[in-house]
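A.B. asks: For the sequence shown, our numbering assigns the number 74 to the initial residue and increments by one for each residue that follows.
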Amino acid sequence: MVEKALPSVVGVNNYQASSSLSGSGSNEQEGANKLEVKLNDGTTLSAKLLGSDQWLDLAVLEIDDSKVKSVANLGNSDAVKAGEQAIAIGNPLGYLAIETLEKQGKIKRPQMGIVPQSLNQIPTASRQHDLNLPDTVQNGAVVLNVKAGSPAEKAGLQNYDVITELDGKEIDTAASLREYIFKHQAGDHITVTYYRDGQKASAELTLEDVSK
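Dropping the structure here:
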């Protein structure tokens, strides 16, 4: 399976000012003055950035396909049978976002207006001393920053609140928080369950649009 897909794997070089940097993430591609795609056979082609998304770490590039000899065949998850071998690559939301990036160059999505960090990335001592969390709270998303005028600020959320549920659904990490929010639309109302200074509380907020 891997050997079959290998000829379709490419590398991406971007050039910023006088230096050349290599990378595949969306942030690297956004800041590039020039982009090149290196095919598996060593051929280098100029590339055009059609769109990128920092949250999904996804960039869509366009190249001249006249020298492309191999294209990877993507499977259909609905057709996979129990016991069959399968490989999942990248963010589960990424594939769905590719068509939007190709057409619009960006993705419009709802936002709470916070900068979250996974609780499991916070040292245990800080969880107890700075966040004052009960020992029973082991997972969640810590609010590192609340943007002024955002839905989160309007709902009363503050820095260092620890979000553990959205609409009753358990939130384990910052990634699971984003994934839940991105499945909604601007204007949707959600209930946020969080801990502040050891006390459990909840708030209602209305999601708003953001395009970045």
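Quick reminder that beta carbons are idealized off the backbone N, C-alpha and C, glycines included.
Where does the unbroken beta strand (DSSP E) through Q211 begin, and where does it stop?
C.D. replies: Counting along the chain, Q211 falls outside any beta strand (DSSP E), and DSSP gives it neither H nor E.
A.B. asks: Answer with buried or exposed for A225, where buried requires no fewer than 16 other C-beta atoms within 10 angstroms of its C-beta.
C.D. replies: The residue in question, A225, is buried, as its Cβ has 16 or more Cβ neighbours within 10 Å.
A.B. asks: For a test of the three-state rule: what should DSSP assign to Q291, helix, strand or coil?
C.D. replies: Residue 291 lies beyond the stretch modelled for the chain, which goes from 74 to 285, so this question has no answer here.
A.B. asks: Which residue's Cα is closest to the Cα of D130: P80, S119, N146 and A248?
C.D. replies: Looking only at P80, S119, N146 and A248, the smallest Cα-Cα distance to D130 is reached by A248.
A.B. asks: Quick check: the Cα distance between I263 and D138, rounded to an integer number of angstroms?
C.D. replies: Their Cα atoms are separated by approximately 45 Å.
A.B. asks: Output needed for D240: all residues of its chain with C-beta closer than 6 Å, excluding positions within five of it in sequence on either side, in chain order.
C.D. replies: I263 and T264
A.B. asks: Starting from S199, trace the beta strand (DSSP E) both ways and give me its first and last residue.
C.D. replies: Here S199 belongs to no beta strand (DSSP E); instead the alpha helix (DSSP H) covers T197 to H202.
A.B. asks: By Cβ distance, which residues of its chain are closer than 7 Å to G148, with the 5 residues on each side in sequence left out?
C.D. replies: Closer than 7 Å at the Cβ level, and outside the excluded window around G148, lie A159.
A.B. asks: Is D270 helix, strand or coil when you go by DSSP?
C.D. replies: coil
A.B. asks: For a quick check, are the C-beta atoms of E175 and L123 less than 7 Å apart?
C.D. replies: Yes, the pair counts as a contact, with Cβ atoms nearer than the cut-off.
A.B. asks: Could you compute how far the alpha carbon of V188 sits from the alpha carbon of L134?
C.D. replies: Distance between the alpha carbons of V188 and L134: 28 Å.
A.B. asks: Between which two residues does the beta strand (DSSP E) holding V235 run?
C.D. replies: V235 to L239
A.B. asks: Assuming V210 contacts V235 (C-beta within less than 8 Å), just tell me the rounded distance between them.
C.D. replies: 7 Å
A.B. asks: Considering only the alpha carbon of each residue, which of L230, N113, E109 and Y88 lies closest to A78?
C.D. replies: Looking at the Cα atoms, N113 is the closest of the given residues.
A.B. asks: Alpha carbon to alpha carbon, what distance is there between N232 and M185?
C.D. replies: 13 Å
A.B. asks: Quick one: using the 10 Å Cβ neighbour count with 16 as the cut-off for buried, is A214 buried or exposed?
C.D. replies: Burial call: buried.
A.B. asks: Going by CA-CA distance only, name the one from A120, N193 and E281 that's closest to F255.
C.D. replies: E281
A.B. asks: Can you tell me whether A155 is helix, strand or coil according to DSSP?
C.D. replies: The answer is coil: DSSP assigns A155 none of H, G, I, E or B.
A.B. asks: Is DSSP giving A225 helix, strand or coil here?
C.D. replies: helix
A.B. asks: Using a Cβ-Cβ distance under 7 Å, would I236 count as near chain B?
C.D. replies: Of the protein chains in this structure there is only one, and it is not chain B.
A.B. asks: Using 7 Å as the threshold, is the C-beta distance between A228 and A276 below it?
C.D. replies: yes
A.B. asks: Which partner residues does T264 have in the DSSP bridge list?
C.D. replies: Its beta-bridge partners are E277.
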